[in-house]
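K.L.:
With my numbering applied, the sequence shown closes on residue 363, and no number is skipped along the way.
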Amino acid sequence: MYNRSYNFSAGPATMPVPVLEEIRDEILNYRGAGMGVMEMSHRSKVYQQIIDEAEQDLRDLMGIPDNYRVLFIQGGATLQFAMIPMNLMKNGKAVYVETGAWSKKAISEAKKYGEVIVAASSKDKNYSYIPDCSDLDIPEDADYVYICENETIHGTTWNKLPDTKGKILVSDQSSMFLSKPCNVADYGLIYAGVQKNVGPAGMVVVIIREDLIREDLDPKTPVYMSYKTHNDAGSMYNTPNCWAIYVCGKVFKYLKNLGGLEKMQEINEDKAKVMYDFLDQSAMFKGTVEKESRSLMNIPFVTGDAELDAKVVAYTKAAGFENLKGHKSVGGLRASTYNAMPKEGVEALVDCLKKFEEENK
Ligand SMILES: *Cc1c(COP(=O)(O)O)cnc(C)c1O
Numbered sequence: 003m004y005n006r007s008y009n010f011s012a013g014p015a016t017m018p019v020p021v022l023e024e025i026r027d028e029i030l031n032y033r034g035a036g037m038g039v040m041e042m043s044h045r046s047k048v049y050q051q052i053i054d055e056a057e058q059d060l061r062d063l064m065g066i067p068d069n070y071r072v073l074f075i076q077g078g079a080t081l082q083f084a085m086i087p088m089n090l091m092k093n094g095k096a097v098y099v100e101t102g103a104w105s106k107k108a109i110s111e112a113k114k115y116g117e118v119i120v121a122a123s124s125k126d127k128n129y130s131y132i133p134d135c136s137d138l139d140i141p142e143d144a145d146y147v148y149i150c151e152n153e154t155i156h157g158t159t160w161n162k163l164p165d166t167k168g169k170i171l172v173s174d175q176s177s178m179f180l181s182k183p184c185n186v187a188d189y190g191l192i193y194a195g196v197q198k199n200v201g202p203a204g205m206v207v208v209i210i211r212e213d214l215i216r217e218d219l220d221p222k223t224p225v226y227m228s229y230k231t232h233n234d235a236g237s238m239y240n241t242p243n244c245w246a247i248y249v250c251g252k253v254f255k256y257l258k259n260l261g262g263l264e265k266m267q268e269i270n271e272d273k274a275k276v277m278y279d280f281l282d283q284s285a286m287f288k289g290t291v292e293k294e295s296r297s298l299m300n301i302p303f304v305t306g307d308a309e310l311d312a313k314v315v316a317y318t319k320a321a322g323f324e325n326l327k328g329h330k331s332v333g334g335l336r337a338s339t340y341n342a343m344p345k346e347g348v349e350a351l352v353d354c355l356k357k358f359e360e361e362n363k
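1. Rounded to a whole number of angstroms, what is the C-alpha to C-alpha distance between A447 and N362?
2. Cα-Cα, which of V120, K169, M227 is closest to E142?
3. Quick one: what's D174 bridged to in DSSP?
4. With a CB to CB cut of under 6 Å and the five nearest residues on each side skipped, what residues in its chain are close to F10?
5. Report buried or exposed for M3, applying the criterion of at least 16 other Cβ atoms within 10 angstroms of its Cβ.
6. Pick helix, strand or coil for R61, following the three-state DSSP scheme.
7. Quick check: the Cα distance between K230 and F74, rounded to an integer number of angstroms?
8. Based on Cα-Cα distance, which residue from T290, V332, M286 lies nearest to V314?
9. Alpha carbon to alpha carbon, how far is N259 from L30? Give it in angstroms, no decimals.
10. Count the other CB atoms within 10 Å of the CB of E309; is the residue buried (16 or more) or exposed (fewer)?
11. Using DSSP with H/G/I as helix, E/B as strand and the rest coil, what is E100?
12. If we ignore side chains and look at the alpha-carbon of each, how far apart do E271 and L298 end up?
13. I'd like to know whether the C-beta atoms of K252 and E24 end up nearer to each other than 7 Å.
14. Please determine whether the Cβ atom of C150 lies at a distance below 6 Å from any heavy atom of ligand 1.
15. Please confirm whether any heavy atom of ligand 1 lies closer than 6 Å to the CB of S177.
16. Return helix, strand or coil for G289, following the three-state DSSP convention.
17. Could you check where the alpha helix (DSSP H) with A79 kicks off and where it finishes?
18. State yes or no: is the C-beta of Y148 within less than 7 Å of the C-beta of V172?
19. With 16 as the cutoff for other CB atoms within 10 Å, does P221 come out buried or exposed?
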């Protein structure tokens, strides 16, 4: 009805149409406030209700325990690469698992703040699997264990969390946030840049166990980089990303109405299966990730011939499928099948790829 393409972008990414329609209807005058959300003071009563409701809906959706705080922070997921060690490295030491591009970035940033122990890595096979982390070598004085729970570029996901041997687990959930149920109590800190699977760019949601919020940081820590700042001010120490919070709030409600994260997982598994089943039987295309570590959200695949890959990307684009070019570190193609991508979109893509395969035998 709106002549929209099937958008397989890894982020910013496709969003649910009913949410976009609601936003459209409220953009000039939010529920009789006489102005839109982009124009209103973050200190207004109307806005306070928007942020409070967004937090509550997220708490309901994920079943976030009372001893965890929810923070809305700017700077994207990237700022967290520094903020995490700045706030959580008490002993100056942390364990990281290297599974791809995004954990690598987090590792190099953390090294500025303390000792980083890379306890496991899947670099030997171009990050095509999640290493066995059931018996990691974790020093007694390590402050935390860090993982990227879904590697957006390499297309891997953790189906079993690492044994942290009692240390707190820190997880980058950016490209899988709200894609399935999550037991928050398993973690010390979860964070997610929202532009992958939830809303517009420019914000990160941080879910942190209350007792990990410290006061005794290096005095040179910028005020914005302290979790305590954001916690004490209800995520409004300075002007927050009002727009992103508002839109994410709508997506949280949308997911609740859909039936919650169990339902979302069912839909996502069903959808990803369409793509993986196709890849597994195709003579031309193949997935780049080992079966046990395949992501439900980001599906990289190749033909094995870079020139042919480029031809496929052009072919799909001409047929109305956008953003299928793979990241340069993996090559080939990548279909991001986030929450808001309908199953019909994946089915139509598979039909298109089948047609290409038939025509180019
Ligand atoms: C996109 C992404 C990031 C970086 O997000 P920004 O908001 O652009 O800083 C970090 N981690 C993962 C897993 C991502 O997919």
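Glycine included, C-beta positions come from ideal geometry on N, C-alpha and C.
Note that this is a predicted model, so its numbers are computed, not measured.
P.N.:
On the basis of the coordinates in this document:
1. No answer is possible for residue 447: the residues shown for the chain start at 3 and end at 363.
2. Considering only alpha carbons, the answer is K169.
3. C150, Y193
4. N325, L326, A337, S338
5. exposed
6. helix
7. 12 Å
8. M286
9. 25 Å
10. exposed
11. strand
12. 6 Å
13. yes
14. Within the cutoff, so yes.
15. yes
16. Residue state, collapsed to three classes: strand.
17. 78-90
18. yes
19. exposed
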